[in-house]
Structure formats: C-alpha cells, structure tokens
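Trainee: Take the sequence shown: its letters are residues 2 to 132, numbered as in the working numbering. Cβ atoms here follow ideal geometry from the backbone N, Cα and C, with glycine treated the same way. Predicted model only: the values in this text are computed from it and were never measured.
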Amino acid sequence: DIPKKEIFNVPEKYFEKLPGIVQARISRNAVGRRAHLAFGYALRYVLALTSIAVAALFWFRQSASIESPESLLTSVETADLVAYLNDSDLTTEELMDDLLLYPEDASGIEEEVYNLELGDGNLDAIMDELD
2 DIPKKEIFNV
12 PEKYFEKLPG
22 IVQARISRNA
32 VGRRAHLAFG
42 YALRYVLALT
52 SIAVAALFWF
62 RQSASIESPE
72 SLLTSVETAD
82 LVAYLNDSDL
92 TTEELMDDLL
102 LYPEDASGIE
112 EEVYNLELGD
122 GNLDAIMDEL
132 D
C-alpha cells in the first residue's frame with residue numbers, strides 16, 4: 002500500500018556517460034600515480050646509495066688516517082730501537098723468522114755494510130772501542 006516514489010533524479014544518459022567519466026578519472030590519476038611512484042622509487046634508491054657512499058667515505062678517511070707500521074717505525078730513533086732490542090729477549094732467529102726483506106732492501110743493507118768507508122778518525126774510534 003505504500004506508493005512508489007522516485008526520490009533520486011538521474012540526468013538523461015547519465016549511465017551511458019558514466020564509463021567514460023570513470024575512465025577519464027582513472028587515467029588522470031594513473032599518470033599522477035606513476036609519476037609519484039617513480040619519484041618514490043628514485044628517492045628510496047638515491048637515499049640508500051647516498052648513505053652507502055657517506056659510510057664508505059667515512060670508512061676510507063678513517064683507514065687513511067691510520068699510519069702504517071713502516072711509517073711508525075721510521076719515526077723511532079735508531080738508538081732507541083737498538084736499546085729496545087738489546088733489552089728484549091728476542092733472538093736473532095726470531096727476528097729473522099718474522100722479517101720480510103725484498104731484494105731491494107737486502108741489496109741496500111749489503112751496500113751499507115760492505116761499502117763502508119772508514120776514515121782514519123772512524124777507524125781509530127772503532128779500534129779503541131774493540132780494545
């Protein structure tokens with residue numbers, strides 16, 4: 002017994018135009034969304050690569066600031082080094098086991114030892130020391 006009323010008014014050919022309107026909105030949002038997604042992916046990877054680059058730069062600067070054992074050893078005076086070796090219990094064999102000599106180093110040492118030029122003053126001092 003309740004009468005049927007049309008509460009909503011629908012414009013003419015609304016349902017025929019509706020798919021086109023929906024497609025237009027989807028395509029407009031899809032272009033914006035693709036640009037947004039591409040920017041998001043780029044930003045994500047750029048941030049990751051930047052953080053890796055900063056960490057690598059920090060690590061390389063830290064490792065470059067550490068002096069090598071050779072440079073530290075060259076800063077020690079020869080007399081101090083001789084005194085240390087005399088006071089320690091290291092034998093010549095133990096030192097030679099850990100020693101790594103390159104041919105250039107060995108030839109330099111050999112030249113220093115065998116091509117020693119002794120003047121009269123130096124020879125007298127050595128002879129006095131031996132006596």
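#1: What is the DSSP secondary structure of Leu-100, counted as helix, strand or coil?
#2: Only counting the same chain, and skipping five residues up and downstream in sequence, which positions put a Cβ closer than 6 Å to that of Pro-70?
#3: Nearest-angstrom Cα distance between Ala-39 and Ala-57?
#4: So Asp-81 is in the alpha helix (DSSP H); what residue range does that whole segment cover?
#5: Return the CA-CA distance between Thr-75 and Glu-68, expressed in angstroms with no decimal places.
#6: Span of the alpha helix (DSSP H) holding Ser-72?
#7: Could you give the distance in angstroms between the alpha-carbon of Leu-124 and the alpha-carbon of Tyr-115?
Mentor: Reading off the structure:
#1: coil
#2: Cβ within range, chain order: n/a, list empty.
#3: 27 Å
#4: That run of the alpha helix (DSSP H) goes 79-88.
#5: 11 Å
#6: 70-75
#7: Rounded to the nearest whole angstrom, the CA to CA distance from Leu-124 to Tyr-115 is 15 Å.
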